[in-house]
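Asks:
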Amino acid sequence: MSARVLAGPPVAAALLADAAARASRLPVPPNLVIVRVGDDPASASYVRGKSRKAGEVGLRSTVHALPETTSQAQLLALIDTLNRDDDVNGILVQLPLPPQIAEAAVLHAINPRKDVDGFHPLNVGELWAGRPALTPCTPAGIMYLLEHYGVPVAGARAVIVGRSHLVGRPLAALLLNADATVTVAHSRTRDLGGATREADILIAAAGRPNLITPEMVKPGATVIDVGINRVLTAEGKGHLVGDVHPDVATVAGALTPVPGGVGPMTVAQLLANTVRAAELQHAAHSDSAQIDSAQTNAVQTDSGVAGELVR
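Take the working numbering: the final residue in the sequence shown is number 363, and no numbers are missing along the way.
#1: Tell me whether Val269 sits in a helix, a strand or coil according to DSSP, three-state version.
#2: Are Val213 and Thr187 touching if we call contact CB-CB under 8 Å?
#3: Given a cut-off of 8 Å on the beta-carbon distance, is the pair Ser97 and Arg88 in contact?
#4: Report all residues from its chain with a CB closer than 8 Å to the CB of Ala55; omit the five preceding and five following residues, and keep chain order.
#5: Below 8 Å between beta carbons: does that hold for Leu323 and Leu179?
#6: Given this structure, state the Cα-to-Cα distance separating His116 from Gly177, to the nearest angstrom.
#7: State the start and end residues of the unbroken beta strand (DSSP E) segment that holds Val236.
#8: For Ala232 versus Ala208, is the C-beta distance shorter than 8 Å?
#9: Determine the contact status of Ala273 and Ala257, defining contact as a CB-CB distance below 8 Å.
#10: Out of Ala210, Asp139 and Asp243, state which residue places its alpha-carbon closest to the alpha-carbon of Leu228.
#11: In chain order, what residues of the same chain have a beta carbon less than 8 Å from the beta carbon of His334, not counting five sequence neighbours either side?
#12: Quick check on DSSP: helix, strand or coil for Ala117?
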């Protein structure tokens, strides 16, 4: 058996095309603001890629590149300004942050309606309540990928290896909402292989190179590899590997490659979230305007009636 390859780029392209079409129907192009603190080369590269991709699908983007010495108070002040700016639809703070800044305080300060990363507690709560609005990008991208390739989720046994707030936990909620039976395994799980062999859908998101080996996979299972690990070859050259050993392809029915699998879905979903945020904000403004108009009309009507009574 050789697993079917679930390539990310064509699915990401479909998601981006849908986002671009929705964005074109809005009064103005959605505006994504990305905040980066420090000069980490990887973060700078990620931010450039996100900004470039936003432009390709008709979105506006602005980057605030702050110095490494930026204080938490300064960053929170900027976020407050962006929260109150009606021209800003999505706010993303690129992680990691310097040690003097508490990540949780920053993520919690973002207006939930502009939280395109989906990390604010209110958005997390809505997700677990089955009413997701803005959902973490990698988990949402994985669900879109499964749907695109026709992988049955309802009734399937899904096992997630990894319990992070970025992937494992929100993905568990999305799978439960889609009627899968979900197990979340982690570093303290006893008999990890026994748990993973139960999976019709196995998601590896532990950040450990080649953790999932062929004997840990149910024959014919769909395996989603979220891991992106840089390792050195015998020659001292770095290359990327996933959390899933390449030989799993001889057992699995379908498998995402690394690179070229889940990775492209994350950026695509970020931009889809930005469009979604703009849609929700536009709808809220429209509803507010209608309420204001109705209240004004009611006041005018009441005034007219009172006038008639006086006369």
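Backbone N, C-alpha and C define an ideal beta-carbon position, used for all residues, glycine too.
Replies: Taking the structure as given:
#1: coil
#2: no
#3: no
#4: Val275, Val300, Ala301, Thr302, Val303, Ala304, Gly305, Ala306 and Leu307
#5: no
#6: 29 Å
#7: Thr233 to Ala237
#8: yes
#9: no
#10: Ala210
#11: Leu78 and Pro79
#12: strand
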